[in-house]
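Asks: Dumping the structure here so I can ask a few things about it.
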Amino acid sequence: MARKHGRTDAASDVEDVLDELYTTPPPDFVARRNELAAAAETSGQVEEARLIQAARRPTLAAWAANLLLRSQPEESGRFLELGRALREAYRTLDAEGIKELSEQRRSIVSALSRQAAELARAAGHRLSDAARQDLESTLRAVLADQDAAGHWATGRLENALTPPSAFPSGTAPAGGTPHKPRRRAAAPSSGTPAKNDLADRRRRKRQEELAQARKAAKEAERHLRDQRTEQAGADAALRRARHRHDRARERETAAEQQLQQAREELQRADREQQEAEDRLRTAADALARAEQAARATADEVERLAGSDG
Numbered sequence: 014m015a016r017k018h019g020r021t022d023a024a025s026d027v028e029d030v031l032d033e034l035y036t037t038p039p040p041d042f043v044a045r046r047n048e049l050a051a052a053a054e055t056s057g058q059v060e061e062a063r064l065i066q067a068a069r070r071p072t073l074a075a076w077a078a079n080l081l082l083r084s085q086p087e088e089s090g091r092f093l094e095l096g097r098a099l100r101e102a103y104r105t106l107d108a109e110g111i112k113e114l115s116e117q118r119r120s121i122v123s124a125l126s127r128q129a130a131e132l133a134r135a136a137g138h139r140l141s142d143a144a145r146q147d148l149e150s151t152l153r154a155v156l157a158d159q160d161a162a163g164h165w166a167t168g169r170l171e172n173a174l175t176p177p178s179a180f181p182s183g184t185a186p187a188g189g190t191p192h193k194p195r196r197r198a199a200a201p202s203s204g205t206p207a208k209n210d211l212a213d214r215r216r217r218k219r220q221e222e223l224a225q226a227r228k229a230a231k232e233a234e235r236h237l238r239d240q241r242t243e244q245a246g247a248d249a250a251l252r253r254a255r256h257r258h259d260r261a262r263e264r265e266t267a268a269e270q271q272l273q274q275a276r277e278e279l280q281r282a283d284r285e286q287q288e289a290e291d292r293l294r295t296a297a298d299a300l301a302r303a304e305q306a307a308r309a310t311a312d313e314v315e316r317l318a319g320s321d322g
């Protein structure tokens, strides 16, 4: 069997099927899963059918997270990159840097959560407050935990993810307490240049990591603002299109009603015309008979008058 991106064609097909399945709205999941599994089994792909049938329906929050990943691949990729930068920075940042990144992180998670909720609403399913909280919890987990990020990156979440307790709080980096820069003595002894040099290198490294994380966070926020602007424009265009559609539908309905009335009037006119034609033919026949009778009577009168003479 031919290979496709390192997998067999059948394996690639079932992966595509599963990708589609996990962006199917949860109320339709089971029916669609059974349909796809039956199709695979009918085509002789028994193992693929078993894998499809084993898929489990996601919660609304997990489905919205999957939908966000599939619908916004570039933005989701930036979000994953931001998570990697934040996790790296949190290992060495001081408390002030952690506080700043935490505020940026909350803003980005909130914006992405709103975007995922809009995608879910556009697909016909409005998220409840509880589902929104689960969605935000999942996004925080993606930023804080490498395993959670890898799980979300598959696009096949079944349940919401829970972030580790330390990272989301913004009070301490994962794996330990915040690093506090060591105060330098006013007059360091001449015997500690190596230690001072090492401390300077560590401080510069932390500053570089913080700058990288800040840059990634700002880029993510900028992109989200652009996306919100684009989405607002798309929403406005959709509202205008719906208004035009409704007006056109109203005009179409009115035109259909007028057409129906015209057809009924035409049918009545046809019937009246037919009746008039029938009456005309009857009257013409009667007239012909009357004329014939009149001529016969006149002839008889002339004949009788001639006989008298």
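Oh and the sequence shown: position 178 is 191 in my numbering, straight run, nothing missing.
Glycine residues also receive a C-beta, built at the ideal position from the N, C-alpha and C atoms.
Values in this document were obtained by computation on a predicted structure and should not be read as measured data.
#1: Our contact map puts L73 next to A129 with C-beta atoms below 8 Å; I'd like the distance itself, whole angstroms only.
#2: Among V30, L93 and A133, whose alpha-carbon lies nearest the alpha-carbon of P38?
#3: Where in the region 255-314 do unbroken runs of the beta strand (DSSP E), each at least 3 residues long, occur, reported from the N-terminal end onward?
#4: Determine the closest residue to E149 out of I65, R119, D283 and E171, with distance taken between C-alpha atoms.
#5: Under three-state DSSP, which class holds D142?
#6: Within 10 angstroms of its Cβ, does V314 collect 16 or more other Cβ (buried), or is it exposed?
#7: Using the three-state DSSP reduction, which class does P39 fall into: helix, strand or coil?
#8: Looking at C-beta atoms only, is the number of pairs between the region 161-172 and the region 80-99 that lie closer than 8 Å three or more?
#9: Would you give the residue range spanned by the alpha helix (DSSP H) that E94 belongs to?
#10: With DSSP collapsed to three states, give me the class of L174.
#11: Compute the beta-carbon to beta-carbon distance between L34 and A68, rounded to the nearest angstrom, for a pair I have assumed lies under 8 Å.
#12: Measuring only the C-alpha atoms, how far is Q270 from Q280?
#13: Given this structure, state the Cα-to-Cα distance separating R45 from L31, to the nearest angstrom.
#14: Assuming L156 and L125 make a contact with CB atoms under 8 Å, what is their CB distance in whole Å?
#15: So, at 8 Å on beta carbons, what are the nonlocal neighbours of A144 in its own chain, with the 5 sequence-adjacent residues on each side left out?
#16: Could you pull the start and end residues of the alpha helix (DSSP H) that R63 belongs to?
#17: Give the DSSP-derived three-state secondary structure of A129 in the structure shown.
#18: Does the ligand SAM have even one heavy atom less than 7 Å from the beta-carbon of S120?
#19: Rounded to the nearest angstrom, what separates A154 and S178 at their Cα positions?
#20: D158 lies in the alpha helix (DSSP H); which residues open and close that run?
#21: So, with DSSP's three-state summary, where would you put T72?
Replies: With the structure as the only source:
#1: The Cβ separation is near 11 Å, so there is no contact.
#2: A133
#3: none
#4: R119
#5: helix
#6: exposed
#7: helix
#8: yes
#9: P86 to Y103
#10: coil
#11: 6 Å
#12: Answer to the nearest angstrom: the Cα atoms are 15 Å apart.
#13: 11 Å
#14: Contact flag wrong, Cβ pair sits at about 10 Å.
#15: T72, L73, A74 and A77
#16: V59 to Q66
#17: A129 carries a helical assignment under DSSP once its states are collapsed to helix, strand and coil.
#18: Annotation note on the ligand SAM: not contained in the displayed structure, which lists no ligands.
#19: If I take the Cα positions, the gap works out to 10 Å.
#20: That residue, D158, is in no alpha helix (DSSP H); it is neither H nor E in DSSP.
#21: Secondary structure of T72 (DSSP, three-state): coil.
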